Structure formats: C-alpha cells, structure tokens
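Single-structure report; data block below.
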Amino acid sequence: MTELHGKGVSKGIAIGKLSFYQREKICINQFHSDDSKEEISRFRSACDMTLSQLDELYKRALTQVGEDEAIIFNIHKMILDDSDYVGSVEKYITEEHLSAEYAVALTSESFASVFAAVESEYLRCRGADIKDVSDRLMKNLMNIQFSNENSEHEHVIFSDDLAPSETIGLDRSNVLAFCTAFGSSTSHTAILARTMKIPAVVGLGAPALDEIFNGKEVIVDGTNGIIYIDPDEKTRTEMTRRRRFELEREKLLRSLVGCDNVTADGRRINVYANIGSIDELADVAACDAGGIGLFRSEFLFLNGCSPREESQFRCYRTVLKKMNGKPVIIRTADLGADKQPQFMEIQKEDNPALGFRSIRISLTNKDDFKVQLRALYRASVYGNLSIMFPMITSVEEIREVKDILKEVRQELVSEGVPFSDNVPIGIMIETPAAVMISDLLAQEVDFFSIGTNDLTQYTLAVDRQNSRLEKFCNPHHTAILRMIKMTADNAHKHGAWIGICGELSSDTELTQAFLEMGIDELSTTPSMVLPLRDKIRRTDLSKSNELESLLCVNN
Ligand code: PEP
Ligand code: MG
148 MTELHGKGVS KGIAIGKLSF YQREKICINQ FHSDDSKEEI SRFRSACDMT
198 LSQLDELYKR ALTQVGEDEA IIFNIHKMIL DDSDYVGSVE KYITEEHLSA
248 EYAVALTSES FASVFAAVES EYLRCRGADI KDVSDRLMKN LMNIQFSNEN
298 SEHEHVIFSD DLAPSETIGL DRSNVLAFCT AFGSSTSHTA ILARTMKIPA
348 VVGLGAPALD EIFNGKEVIV DGTNGIIYID PDEKTRTEMT RRRRFELERE
398 KLLRSLVGCD NVTADGRRIN VYANIGSIDE LADVAACDAG GIGLFRSEFL
448 FLNGCSPREE SQFRCYRTVL KKMNGKPVII RTADLGADKQ PQFMEIQKED
498 NPALGFRSIR ISLTNKDDFK VQLRALYRAS VYGNLSIMFP MITSVEEIRE
548 VKDILKEVRQ ELVSEGVPFS DNVPIGIMIE TPAAVMISDL LAQEVDFFSI
598 GTNDLTQYTL AVDRQNSRLE KFCNPHHTAI LRMIKMTADN AHKHGAWIGI
648 CGELSSDTEL TQAFLEMGID ELSTTPSMVL PLRDKIRRTD LSKSNELESL
698 LCVNN
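Just so we're aligned, residue 148 is where the sequence shown starts under the numbering used here, counting upward by one.
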C-alpha cells in the first residue's frame, strides 16, 4: 500500500480505480504562415467555436453547481473578448507571420507569466484561466477532441492539476474523486470540487504522479487529505466503514435543512457560520446557516496590499446581498500575531500573540481603520450588518472605537453617503481581562462573541501556534467554562446578547452546557452547522443538567 498526503479540499471518501487524466497533448506542428488573412479567419472561427463550447459548459455548470461557480466560464468568454488578448494574437499573425495556434500559444504564455509572477493567489489563479481558455482555443484550431468530457466508467482522476473547465467537464456520474499533484484550496478547481461534492485531495507533490499507479485501486480521503493506493485489507475495511458512516450521516444531516435549531424542550438558539472569504458563501447557503456570525475580514488584507475602500465595500456588499437580510457579523481586521500582513512592517516581536495585534493595530493606524469602517457603513444599506471588534481588553478601547465610529458616520453624513442607522456593534471576548470586566463592557455594546481560541490561549498560557503544547491545551478546562458562564451572565444582566465563534462553538460535547448557560448564538465553520443543529435538536434540557458538574470539575 502507498499512502500519499496532500491537502483535502473537498470532503468525503471515495473508493475506485485510479485513472490518469488524459490530457490531449497540444503539439503545434505549423509555426508560420504567409497567409495571414487565412490565419486570422481560422483564429476567429476557433474563437466562435470556443465561445459556443463555453456557453455549453456554462449551462452545464449552472445546473450542476449553480450560478456562482458557472460564472467562471463567462470570465473565460471575456478573455476571448479582451482587446489586449485578441490584439496580441492578431499582431503575432499579421506582423510576425505566425500560425494562429502558435500566436495563441505565445499570447497565452506571455499573459499567464505576468499573472504567475504576482503575489496574490487569486490573480495567479486567473493566469490558470488564461491558459485554460487558450488551450481550448488551440485544440479547436487543431481539431483535437476533448475526450475526458464524456468518459465511460467510474474512476478516480489523477492529474498534475485540473483547469476549471476540465473539472466541470468531468462527468459527475463517472468521476468518484480527484487527486492532483499541484493546486490550492482556493483555486476554482477546488471550489468546484466542493460544490460538486466530489472528494478531492490536491498538492500531493509531483513524485506522486507515477504512471505505475494508473489503474490501481485507490481510496481518497478528501476529509483528511490522504490517498491510499493499493490499500491493505485493514485500511479498506476501515475506510469502507467510515464511508458508509459518512454517507448515512450526510443523508441524515441533509434532512435537517430547513429545520429549526430548537431543543426537544423548546429552547431556541441561533446557529451561524464563520467565513474568511466570499468564496465560502456557497457553503453557507448549502448548510442552511441562519447568518454569518464571524466574517474574518483580515483575510482580505493578507493578499499583498491593503484593499482600498472601494474593493472592501464591494466585498461586504456582496456578502450582505447574498445573505439576503440574514444577520452578517463582520469583524474588523484582526491582523498581527499569526496573521502578518505583507503591506505593513510590523517589528519583529518576541511574543507576537501578546504584541502589536488586532484592535491595537486598528487604534494605532486610525486612517486604515477608518477606511474599513467607511466601507462597512456604506455596505450596511444592502443587508443586516453588525460590526464586531476583536481583542478588546478595556472599556477605554471600546469607547475609543465608538468615537471613531461616530467620526466616520459624521463624515459620511456630510458627504451625503447613505448608510443604515441600525448597525449593532459587538466585541470579541478573547482575554481574561475582557471576561473580568464583561459587566462593564456589556453596557457599551449590543453583543459579545466569545473567541474561545484566543481565550483558551491567554487563560491557560498556551501558545495556540505551538503544536508541542497540544496536551496542555484543554479548552474544556473549568476555568474556560466558568469564564464563558460569567460572561454570559454579565451580558444578559445588561441587555446584550452573547455568542461563541471560536472552535469550541461546534464541540457537541459542550452544546448542552452552552444552552444551559443561555448562550444565544453559536457560530462555526459551515460544515459543522448541520451537525450542531442535529445535536441541539436531540438535546432535552428538562431531562438533565450537565453544566453544574462541568463547572466544578477539578482540572
Ligand atoms: C478566536 O480567537 O476564538 C476567534 C474566533 O478568532 P481567531 O480564531 O480568528 O483568532
Ligand atoms: Mg481570536
């Protein structure tokens, strides 16, 4: 048995025969042509043919994966409409007397290399889109068939990488999973895999692409990012059992879409989703989350440069519009510590988790902070927005934040820019200090959300980045549970609502205890929304009490 590790980008387990992706080699055999007119005409009819194939792929994607993902094929069509792209091909043909296919190849190479050199992963992926559409164009120019788009038997695809159109071209009824040597979790291909619900593992590394594996039995564990080639009996039995369990569980969970998050004895709780980018909105819709309880906006700032007001505004507007009136809590940039932005020089610190991070950066770089707040307020008219501030440790800090919010609102009024006059504000409770003064903080804000990841780190003095400390990091520690209870009591005493958005929110061993504490909202990764709903619906608070004993455990 060979076990290979990569990155699981689409959950699920698949078992089948491994089949190397047949990519028809594009071998250009005519490089030059003296008949430029004929080449231009060949190029234009290949463009027409490509456009109609892209139309077909768009329609197929629309029914299989929905509008958001299908849009990629419209982007590909736009490339063929782009005057720089088309102009470059035609210039090669007329000025250098190149054949149409060679002109497309050179244009593809030069455009894609510009994108390949940029830092931003998003833009690098757009380079892959240019290559993808150019390859299609070249195949059409040379009459090469697209054989993988209609394969006959069930198999697991193995490839160096898959372009978006190759992924959507896969016949869902025959493709059990796919594995690639390269690729990232944010590429369109990974996103499509998740949406199509095909288990997928990417980034297995080039040596994994050994032709001797072709045709062998393989088990793909898209949840953990592992593939087993020629599995031994023990692994096959175990993975078959897990697969059966996952399928049954998935079926059960799907039946909970549309149901309420209400316990057997009638206690209701909001279950929201955490996201870090707009790419995850499809997951939020699929899991039927009641809202977004944490949008980690700092991920917008980790792509090289600081996003301008306009691009932030557009992003927040998209989220709000997509959520269609459901609550959306956007946390202002929580930078520093493990989330170091490249555009900002943060001095090297001995203890970055205790350093210049989070709200401290915002309150120091007020101009950047105000840009984000302006973008948020401008977007507020498009939905149900709340703004949340990370790592607040004192009343002074939140008061300073509120003064800045007031300034921003005044500026917008004087500029005649509309914004909602009902944008609740909340803070993350992430430090023991915030817990201890939660009675005072609750009087300043509309809501709290407990960041149990940081609260555990700061309470137990365990660096959350240090894997050696795993055994010392017990988020079930009585100290943590008492802190959550204390914060909940203080919030409610002063009319604020309280949620949990750290990883502990989806720990179903604690769901009943959180309900007993009166926690109003749990926000978690989209894949945990339905499991949490299931647990809540199976809980009966009238039958037992779990909290009391947990608060007294000696650990
Ligand atoms: C937390 O600390 O629990 C939290 C939700 O914030 P982050 O994980 O982004 O630090
Ligand atoms: Mg945190």
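All C-beta atoms, glycine included, are put in the ideal place defined by N, C-alpha and C.
Just so we're clear, the structure is a prediction, and the values are computed from it rather than from any experiment.
Check: residue i C-beta below 7 Å from any heavy atom of ligand 1
i      : result
Cys648 : yes
Gly440 : no
Asn600 : yes
Arg443 : yes
Asp481 : yes
C-beta atoms of residue i and residue j nearer than 8 Å
i      : j      : result
Leu523 : Leu532 : yes
Leu628 : Leu697 : yes
Asp687 : Thr410 : yes
Ser183 : Thr254 : no
Ser246 : Glu186 : yes
Leu394 : Leu677 : no
Asp307 : Ala275 : no
Ala252 : Met285 : yes
Gln537 : Arg478 : Here residue 537 is Pro; the residue named in the question, Gln, does not match the sequence. In contact: Pro537 and Arg478 (Cβ atoms closer than 8 Å).
Val555 : Leu587 : no
Tyr529 : Lys486 : no
Cys452 : Phe490 : yes
Leu227 : Val280 : yes
Gly213 : Ala484 : no
Gly649 : Asn600 : yes
Asp481 : Ser505 : yes
Ile103 : Ile597 : Because the chain spans 148 through 702 in this model, residue 103 falls outside it and cannot be assessed.
Val349 : Val367 : no
Ala420 : Cys434 : yes
Gly573 : Ile476 : yes
Ile173 : Asn408 : no
Ala250 : Lys278 : no
Asn361 : Phe167 : yes
Buried versus exposed, by CB contacts within 10 Å (16 or more), residue i
i      : result
His223 : buried
Ile359 : exposed
Ala355 : buried
Ser157 : buried
Ala436 : buried
Gln177 : exposed
Phe516 : buried
Met675 : buried
Asn297 : With a pLDDT of 47 at Asn297, under the threshold of 50, the modelled position of that residue is not reliable, and the figure given next carries that caveat. The residue in question, Asn297, is exposed, as its Cβ has fewer than 16 Cβ neighbours within 10 Å.
Met148 : exposed
Met225 : exposed
Leu501 : exposed
Gln705 : Here the chain has residues from 148 to 702 only, and residue 705 is not among them.
Cys699 : exposed
Gly563 : exposed
Separation of residue j from residue i, as counted between CA atoms
i      : j      : result
Gly372 : Gly352 : 12 Å
Val431 : Thr672 : 9 Å
Asn692 : Val582 : 24 Å
Tyr232 : Cys462 : 27 Å
His152 : Ser689 : 46 Å
Leu204 : Thr540 : 52 Å
Thr387 : Ala161 : 9 Å
Pro378 : Lys344 : 23 Å
Ala580 : Ala660 : 23 Å
Asp412 : Ser653 : 20 Å
Asn701 : Gly316 : 57 Å
Leu288 : Val303 : 30 Å
Cross-strand partners of residue i (DSSP beta bridge)
i      : result
Gly483 : Lys486
Asp368 : Ile160, Ile373
Ile219 : In DSSP, Ile219 forms no bridge with anything.
Leu532 : Val475
Val409 : Arg415
Glu150 : Tyr375
Met575 : Ser596
Thr655 : Thr655 pairs with nothing; no bridge assigned.
Val349 : Lys154
Ser166 : Ile304
Asn361 : Answer is none; Asn361 lacks a bridge partner.
Residue i CB to nearest heavy atom of ligand 2 below 7 Å
i      : result
Met577 : The question names Met, but residue 577 in the sequence shown is Glu. Glu577: yes, Cβ under 7 Å from ligand 2.
Pro354 : no
Pro537 : yes
Residue-chain proximity (residue i, chain D), Cβ-Cβ < 8 Å
i      : result
Met583 : Absent from the structure: chain D. Only one protein chain is present.
Residue i CB to nearest heavy atom of ligand 4 below 7 Å
i      : result
Thr370 : This structure lacks ligand 4; the ligands present are ligand 1 and ligand 2.
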